[in-house]
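Working notes, structure below.
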Amino acid sequence: MERCLFCGEMRGDPLSFHNLFSPDYAPGFCLSCREQLIPIDARHCCCLCGRDLSRLNRDRVVENRCSDCVKWARSGRNGLYVSNRAIYHYNPFLKEMINQFKFRGDVRLADGFAVELKRAYRHCEREQSGIFKRKPSFLLVPVPLSSERLLERGFNQADVLARQIGAPIVQALVRVRDEAKQSKKSRAERMRLRATPFRLNEKAAVRLSGHKILLIDDIYTTGATMRLASEALAAARPHSIRSLTLIHG
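By my numbering, the letter at position 79 of the sequence shown is numbered 90, and the numbering carries on one by one without gaps.
Quick look at the structure:
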């Protein structure tokens, strides 16, 4: 019996034919930890960013969209960027788990999210291409770290998460500078787009022309990062750009 990737306790999954032979049975978390990972119900989320609308006041919801996405639409900065899909709500438990993953280097935790990442990816494919398409619909582009942050951390969490999905990955972006941490900014400051911190990796980006792109990152807050990344990717002439994140914060 395997131990939980996060707390180290025995997982306690019942021994069954499904658990022994299912391709979806992967290293993961115990029941106690899983119960604290709160999935976002796709039936009740913003159609553009994946935010749970049931948790917002009515004055922050307009025709199945959250107020942030309404502001983005009015700003004219969406460009080729279409939408985001997020898997989990941000809560104190997931904050601690992500801190252990990103800042304490526990990359094994990404294995525990593999099933849900693949499931969310398949949902994105069905939305984009229908259920009968065999070839992968998207090229995955992980949101990059700066070279300084990558050296400090030793890995890019977006790249680690993207590899759990199993679709083609293109390292098409380079982050040329770090910005102040999102947690240190107000919501209004997060939505105020400045000069993009990204540029194209031109050698890799030639693969993007005409393709559908799925940006991968750990968390979606206001959508500013995704739009800045999309503006940089637009020069490669992709068909469209969407994103998939583990969390909506």
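Backbone N, C-alpha and C fix where the C-beta goes; we use that ideal spot for every residue, glycine too.
So which of the options has the shortest CA-CA distance to residue i?
i	options	result
Thr263	Phe166, Ala169, Ser78	Residue 263 falls outside the range modelled here, since the chain spans only 12 to 260, and no answer is possible.
Ala183	Val171, Ala173, Glu213	Glu213
Asp52	Leu42, Ile98, Lys223	Ile98
Ser65	Arg174, His100, Phe40	His100
Lys129	Cys60, Arg188, Leu172	Leu172
Ala215	Ile230, Ala206, Val181	Val181
Phe104	Asp229, Cys15, Leu48, Ala246	Leu48
Asp117	Arg71, Cys15, Leu226	Cys15
Ser220	Ile227, Gly39, Arg210, His250	His250
Asn110	Gln168, Val217, Leu211	Gln168
Cys44	Tyr132, Arg137, Leu156, Asn102	Asn102
Arg160	Asp170, Glu138, Asp189	Asp189
Asp229	Glu46, Lys106, Met21, Ser148	Lys106
Arg174	Ile227, Pro50, Val72, Thr236	Ile227
Val185	Leu156, Pro50, Arg69	Leu156
Val93	Ser241, Ala247, Ala206	Ser241
Phe112	Ala206, Phe166, Met237, Arg62	Phe166
Lys223	Thr236, Ala235, Tyr231, Ala247	Ala247
Gly39	Phe17, Arg115, Thr207	Phe17
Glu127	Pro208, Thr236, Pro50	Pro50
With which residues is residue i paired in a DSSP beta bridge?
i	result
Tyr132	Answer is none; Tyr132 lacks a bridge partner.
Cys77	Val72
Pro103	Per DSSP, none; premise fails for Pro103.
Ser262	Since the first residue shown for the chain is 12 and the last is 260, residue 262 is missing from the structure and cannot be characterised.
Lys214	Answer by DSSP bridge pairing: none, since Lys214 is not bridged.
Ile258	Tyr99, Ile230
Asp52	In DSSP, Asp52 forms no bridge with anything.
Ile180	Leu151
Met21	Arg14
State the CB to CB distance for the pair residue i and residue j, rounded to an integer number of angstroms; the pair is presumed to be in contact (CB under 8 Å).
i	j	result
Ile252	Leu244	6 Å
Gly23	Leu42	6 Å
Cys135	Leu255	6 Å
Asn89	Trp83	6 Å
Arg210	Val187	6 Å
Arg96	Ala131	6 Å
Would you kindly report the start and end of the unbroken alpha helix (DSSP H) that includes residue i?
i	result
Ser94	Note, Ser94: premise wrong, no alpha helix (DSSP H); beta strand (DSSP E) at 92-100.
Ser158	158-164
Asp170	168-176
Leu42	42-45
Arg238	235-244
Just curious, the beta strand (DSSP E) that residue i is in, first and last residue?
i	result
Leu150	149-153
Taking three-plus beta-carbon pairs below 8 Å as touching, is the segment 149-156 in contact with the segment 112-126?
-> Touching, no.
Does the segment 248-259 touch the segment 50-65, meaning 3 or more C-beta pairs lie closer than 8 Å?
-> Because the criterion of three Cβ pairs below 8 Å is met, the segment 50-65 and the segment 248-259 touch.
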